[in-house]
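For the sequence shown, the numbering used here gives the first residue as 274, with consecutive numbering after it.
Worksheet for the structure shown next.
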Amino acid sequence: MGSITNGDNQEDLNQSLLPGSSIQDEEEHNFKDLALRVWIESKKLWHIVGPAIFNRLASYSMNVITQAFAGHIGEVELASTSIAMNVIVGFCFGLVLGMASALETLCGQAFGAKRYPMLGIYLQRSWIVLFLCCVLLLPFYVFAGPILKLIGLSNEVAEQTGLVAQWLIPLHFSYAFYFPMQRFLQSQLKTLVIAWISLVALLLTVLLSWLFVFVWDFGLVGAIVALDISWWALGVGLLVYIVCGGCPLTWTGLSVQAFSGLWEFLKLSAASGVMLCLEFWYYKVLMLMTGYLKDATIAVDALSICMNVIGWEMMIHLAFLAGVGVRVANELGAGNAKAAKFASIVSVVYSTMLGLLFCLLILIFHDEFIDIFTSSTEVVQEVDKVLYLLGAAILLNSVQPVLSGVAIGSGWQALVAYVNLGCYYIIGLPVGILMGWVFNLGLMVDSSRSEISTTIWRSRSKSYDINDSGDWTGESMIVVQVGDVLDRGDDEIKILYFLERLQWQAVKASGKVITMNDNRETLNVERDFLYMSESGCEEFRVWAHNNMMRREPLKSSIDIQPKWNMLDQTRSPFPPSVLVVMFLGIWAGMIIGGTVIQTVILAIITIRSDWENEAAKASIRVNKWSNPKPDDQSEILH
C-alpha cells in the first residue's frame, strides 16, 4: 500500500511540474524568438543607418571644408561665407529637405507594397515640385546683399555675402536634384551606393578647393564653385547609377505620368517641408537670439562649442530618422503592422542607447572634448556650467529624430507640423524668452567678471586714473574698448602705443588696464555688436610691442575719453556677465518648453497609434497614388 501511495504521489508531483516546465519552455522559446526578431530587425536597420551616418557626415563636412578654406583667404571671406551658408542657404535648405521627405512616405510604402514602377514616377514628381520650390526661393539668393543690409549688416560684409550667395545658386538647385534621389534609393535599401558616392564628392571638395584657392588663386569664388561642383557631382553620380541599371525595377524611364497629380503631391511635400523646417529653423532662432547677446565672448564661445558637439552627434540620429522612416514605410506598405511597430521600438531603443553613450562620454571626457575647440580657461569653465544642459540636449536629440522618422514613414507629416509649430514657437520660444530675459534663470557667473563688466568705460568723473599728461595715477582697473577706433585713421597706432605704455604704468601702481580689441570685419558681421576675445587682446598687445620703435608719442590734444558707453553701443541694457545668464536661460527654456514637450507628444502619438489601421491607410494611399485622381488623393490627404 505504501509503495502504491508513493507511486501515486510521485505521479501527482510529475503532473504538477509539467505545466510549469511547459511555461518555462514557452518563455525560453519566446525569449529566443524575440532575440531572433531583434537581430533580424537590427541587421535591416543598420543596413540603412550605417551608410546613412557616413553620408550625412560627409555632406556636412563638405560645407565645413568650404568654410575652412574661406577662413584661410580672409576674415571677411570667412564671415560672409558663414552668413551665406547659415542664414541664406540654411533657411532654404530646411524647406527643400523637408519637402523631399514626402518621398520617404510614398516611395517607402510603394516599395513595401511591391508597386515598384511608381517609385520612379514619385521621383520625377518630386524633381518637378522641388525645382519649382527652388525657383520661388531664388530671390533670397539674388537679393541677399540688400536683405542683409536691411537687417543691419555693414555694407562691406553684406555685399560680400550677397556675392557669395549668388555663387551658391547652383548649390541651391543641386538640393532639388539630389535629395529626391537620395530618398528614392534609401527606400529601396540602396544606401551603400549613396555612401560611396558621398565619399567621392567629399574628396572632390577637398581637391577642388585646394586647386581653386591655393594653386590657381581663384579666391573665395573658387572655394564656392568647388562646393557647387562637388554637390552636383554627388547628384550626377546617383543619377548615373539609377538610369544605368542600378534600379531596374523602380526606374523605367521618364514618364508623362509624372506631370499628373502635381498639386496633391505638392500638398504632401509642403506638409513634409513645414514639419521639418519648423524644427530646423528652431535652432536657427536659438542662434539668432543668442546673436543679440554676442557682447559676451565667453557665452558665444560656449554656445558655439555646444552647437558643434550637438551638430556632429545629430548626424548619427538623423541617420536613424532615415532608417526608421524607411523601415516603417516598407512594412506598412507591405501590410505588416506588427513589424512596423517592432521596427519603431528597436530604432528608439538603439538611438536612445547611443544617446546615453554620447551623454556619458560628454560628462566624463568633457574637458578633452572642449580642448578640441578652445584653450581658453574661461570658455572651458562656462561650458562646464552648461554641461548637464548639453547632456540633456544630446539625450533628447537621440529620441526625437527617431519619433519624427516614425511619423514620416507613417505619413503623419501634417499632424506633426502642427505639433512642431505649437511646441517650438507657441511654447518653446516664449518660455526661452521668459527664462532668459524676465527671470534671468541660470545665474552661473563669477563675481569677478561682473565687476569687470561694470567698470567698462569709466565716466569723466572718474578719469582721475589718468592725468593730463596721459600717465597712470590711480590704483583701480579700467577696461578700454578700442574696437570702435581701429581702422579709423593714423591715430590708431598712437592710441595702441599709449594704451600699452599705460598698462605697464598701471601694473607698477597695483592697477590694471585691460584693452578689449576687435577687428573691423567681425565688428561688422555682428551688426556693430562688439565681440571681444582674449586672443584678440593678445594679438594687438604683441603687435603694439613689436612696432613700438617706429611710432610717434601720442599727442596731448588727442582725447581718448569716450563720449558713449559700451553698453549703449551694443544696444543692450545688460552687462556681458548677465548675457551669459541669458544664454543659459534661453537655451534651457527652449529645450524644456519646446523639445521636451514635442518629444513627449510624439511618443504618445506613436504609443497610442493603431498600427493595423495605419497599415490599412498605407494600402489605400499606395492604391490611390498609383492611379492618381485628384478626388481620391484629396480623400487620402484628409
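Positions of the beta carbon are idealized from the N, C-alpha and C atoms, including for glycine.
Does the beta-carbon distance from L669 to T378 come in below 8 Å?
No, these two residues do not count as a Cβ contact at 8 Å.
Below 7 Å CB to CB, which residues in the same chain sit around V597 once its five sequence neighbours on both sides are set aside?
Cβ within range, chain order: A616, S617, S620, V675, G678, V679, G682.
Neighbourhood of G385 by C-beta distance below 7 Å, restricted to the same chain and skipping five residues each side
Shown here for G385: same chain residues with a beta carbon closer than 7 Å to its own, the five before and five after excluded, namely A602, N603, E604, L605, G606, A607 in chain order.
Do M335 and W898 have their C-beta atoms closer together than 8 Å?
At a Cβ-Cβ threshold of 8 Å, M335 and W898 do not count as neighbours.
Starting from the Cα of V494, find the closest Cα among G701, L627, V437 and give me that residue.
Cα-wise, what sits closest to V494 is V437.
Only counting the same chain, and skipping five residues up and downstream in sequence, which positions put a Cβ closer than 6 Å to that of P419?
Closer than 6 Å at Cβ, skipping near neighbours: no residue.
Is there contact between the region 482-494 and the region 445-459, where contact requires at least three CB pairs shorter than 8 Å?
By the Cβ test, the region 482-494 is not in contact with the region 445-459, since fewer than three Cβ pairs between them sit closer than 8 Å.
Of all the options L707, V672, A690, which has the alpha carbon lying nearest to the alpha carbon of A954?
Residue 954 lies beyond the residue range present for the chain, which begins at 274 and ends at 911; the question has no answer from this structure.
Inter-residue spacing [alpha-carbon to alpha-carbon] between H590 and W319:
Their backbone Cα atoms lie some 12 Å apart in a straight line.
N-terminal and C-terminal residue of the alpha helix (DSSP H) that G363 is part of
363-373 is the span of the alpha helix (DSSP H), which, as asked, contains G363.
Reference R224, options V498, V622, W524, closest by Cα
With the chain represented from 274 up to 911, any question about residue 224 goes unanswered, as that position is not in the structure.
Residue span of the alpha helix (DSSP H) that contains A531, given as start and end
Careful: A531 lies outside any alpha helix (DSSP H) and carries neither H nor E.
DSSP three-state call for S882: helix, strand or coil?
Under the three-state reduction of DSSP output, S882 falls in the coil class, being neither helix nor strand.
Could you spell out where the alpha helix (DSSP H) holding F491 opens and where it closes?
Run containing F491: none; DSSP gives neither H nor E here.
Report yes or no: do the region 497-512 and the region 478-486 share at least 3 C-beta pairs separated by less than 8 Å?
Touching, per the Cβ criterion.
Between the region 399-408 and the region 618-638, can you find at least three pairs of beta-carbon atoms closer than 8 Å?
Not touching, per the Cβ criterion.
G275 classed as buried or exposed, judged by whether at least 16 other C-beta atoms fall within 10 angstroms:
Unreliable positioning characterises G275 in this predicted model, as indicated by a pLDDT of 45, which lies under 50. The coordinate reading is nonetheless provided below. By the 10 Å Cβ count, G275 comes out exposed.
CA-CA distance, G684 and D883?
Going from the Cα of G684 to the Cα of D883 covers about 13 Å.
Given that a residue counts as buried once 16 or more other Cβ atoms are within 10 Å of its Cβ, and exposed if not, what is K611?
Burial call: exposed.
C-alpha distance - N797 paired with V473, whole-angstrom precision:
Any reading at N797 needs caution, since the residue's pLDDT is 39, under 50, leaving its predicted position unreliable; the model's value is listed next. Annotation: N797 to V473 spans about 37 Å, alpha carbon to alpha carbon.
How long is the line joining the alpha carbons of L351 and I467, rounded to whole angstroms?
About 30 Å.
Would you identify the three-state DSSP class for P898, choosing helix, strand or coil?
Reading off the sequence, residue 898 comes out as Trp, not Pro. Helix.
Helix, strand or coil for A607 per DSSP?
DSSP, read as helix, strand or coil, puts A607 in coil.
Would you call the region 522-542 and the region 357-370 in contact, with 3 or more CB pairs under 8 Å?
Result no; under three Cβ-Cβ pairs closer than 8 Å.
Can you look up C520 in the DSSP assignment and give me helix, strand or coil?
Reduced to three states, the DSSP call for C520 is coil.
How is T478 classed by DSSP in three states: helix, strand or coil?
T478: helix per DSSP, three-state reduction.
Between L465 and the rest of its own chain, which residues show a CB-CB distance below 7 Å, the 5 nearest in sequence each way excluded?
Closer than 7 Å at Cβ, skipping near neighbours: P324.
So what's W685 in DSSP terms, helix, strand or just coil?
W685 falls in the coil class under three-state DSSP.
Alpha carbons only, please: which of A779, S460, G508, L662 is nearest the one belonging to F450?
When each option's Cα is compared against that of F450, the closest is G508.
With H, G and I counted as helix, E and B as strand and the rest as coil, what does DSSP make of L462?
Correct three-state label for L462: coil.
Could you have a look at A665 and say whether DSSP puts it in helix, strand or coil?
A665 falls in the helix class under three-state DSSP.
Apply the 10 Å Cβ neighbour rule to Y661 and answer buried if 16 or more other Cβ atoms are within range, or exposed otherwise.
Classification for Y661: exposed.
In angstroms, rounded to a whole number, what distance separates the CA positions of M358 and I326?
One C-alpha to the other measures close to 22 Å.
Which same chain residues end up closer than 8 Å to N328 when comparing Cβ atoms and leaving out the 5 residues on each side of it in sequence?
Correct list, in chain order: Q455, T464, I467, A468, S471, A592.
If you compare alpha carbons, which of G701, L441, A687 is closest to Q340?
If we check each option's Cα against that of Q340, L441 comes out closest.
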